[in-house]
Every structure is written in structure tokens, then in C-alpha cells.
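Going letter by letter, the sequence shown gives residues -17 to 94 in the numbering used here. Each residue gets a CB set at the ideal place from its N, CA and C atoms; glycine is no exception. All values derive from a computational prediction rather than experimental measurement. Comments concern the structure below.
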Amino acid sequence: MTRAVLFEDAAGRITGVSVKGHSGYAEEGSDIVCAGISTLLITIDQALCSLVGLSPIEHGGEDGFAEVLLPPGITDKQMEQAQLLFGALRIGFSDIAEQYPAYFRLTTRKVH
-17 MTRAVLFEDA AGRITGVSVK GHSGYAEEGS DIVCAGISTL LITIDQALCS LVGLSPIEHG
43 GEDGFAEVLL PPGITDKQME QAQLLFGALR IGFSDIAEQY PAYFRLTTRK VH
């Protein structure tokens, strides 16, 4: 199962996302759940760079782990724009979690 966590600050703003695991829906190369999750994660990362002008903090590694975090010191305008993008990510991830609950779980964690 793949698990995603959206990180929210005290004001309810999403400050990052972490994804870990393999969905196990199908074999590698045929797993539409994994493909959907990966596409959304890559899109948020690229959109934060291209559209908002940020250089997100990225982590990746074994076991399907990937993380995209907002860097410190961003402007209010950049935060506002990032929230639109993260909102779209939440919608996409929520849809996948509803359609494939045995393969993908989405949670939110408060961070300070």
C-alpha cells in the first residue's frame, strides 16, 4: 500500500507532502494507482518550480519514498499560489484514495 501525508501548518496551509510505499495494485509498469500518484507528485514539484518560482525541498529514495516540501522564507504570494497547487494535489490524491482504498491512503498531519 502507498501512504501519502499532507503536512499542514497551524493556519491549515499545506507545507509539503510525503509519499511512501508501493501500491501493489499491479505489476511494475502496469500499476495505474502508482502511475496516478507519481504523476501528481511530479506535477506538484514541477509546478512549484515553474509557476510559483520556488525550489522545493525534495527527498527520494528506496521503498517508493518521495517528499516535496516548501522551502523556508517564501513570500505570502508564493504561499497563496502554492496552496492552489497543493489543493489540486489533495483533490487528485483524495480521488485515488476513494477509488482504490486497499492500495492508497491519504492522511493529514499538523506540523509546527
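Going by DSSP, what residue range makes up the alpha helix (DSSP H) through residue i?
{"i": "F47", "result": "Taken as a continuous stretch (DSSP letters only), F47 belongs to no alpha helix (DSSP H), as it is neither H nor E."}
{"i": "L67", "result": "D58 to Q81"}
Report all residues from its chain with a CB closer than 6 Å to the CB of residue i; omit the five preceding and five following residues, and keep chain order.
{"i": "V34", "result": "Q60, Q63 and A64"}
{"i": "V(-13)", "result": "S0, T89 and R91"}
{"i": "H41", "result": "E49"}
May I ask which residues mark the beginning and end of the beta strand (DSSP E) holding residue i?
{"i": "T25", "result": "Careful: T25 lies outside any beta strand (DSSP E), inside the alpha helix (DSSP H) at I14 to S32."}
{"i": "A(-14)", "result": "T(-16) to E(-10)"}
{"i": "G42", "result": "I39 to G42"}
{"i": "I(-4)", "result": "I(-4) to K2"}
{"i": "L88", "result": "F86 to K92"}
So, is residue i buried or exposed, given that buried needs 16 or more other C-beta atoms within 10 angstroms?
{"i": "I(-4)", "result": "buried"}
{"i": "C31", "result": "exposed"}
{"i": "A18", "result": "The question names Ala, but residue 18 is Gly in the sequence shown. By the neighbour-count rule (16 or more Cβ atoms within 10 Å), G18 is buried."}
{"i": "A29", "result": "buried"}
{"i": "V93", "result": "exposed"}
{"i": "E49", "result": "buried"}
{"i": "L66", "result": "exposed"}
{"i": "T57", "result": "exposed"}
Can the beta-carbon of residue i be found closer than 8 Å to that of residue j?
{"i": "H4", "j": "G43", "result": "no"}
{"i": "L22", "j": "G74", "result": "yes"}
{"i": "L51", "j": "L36", "result": "no"}
To the nearest angstrom, report how far apart residue i and residue j are at their CA atoms.
{"i": "A8", "j": "I26", "result": "24 Å"}
{"i": "Y82", "j": "V15", "result": "8 Å"}
{"i": "A(-7)", "j": "G6", "result": "35 Å"}
{"i": "D77", "j": "D(-9)", "result": "23 Å"}
With a threshold of 7 Å on Cβ separation, who are the neighbours of residue i within its own chain once the five nearest residues in sequence on each side are excluded?
{"i": "A79", "result": "F86, R87 and L88"}
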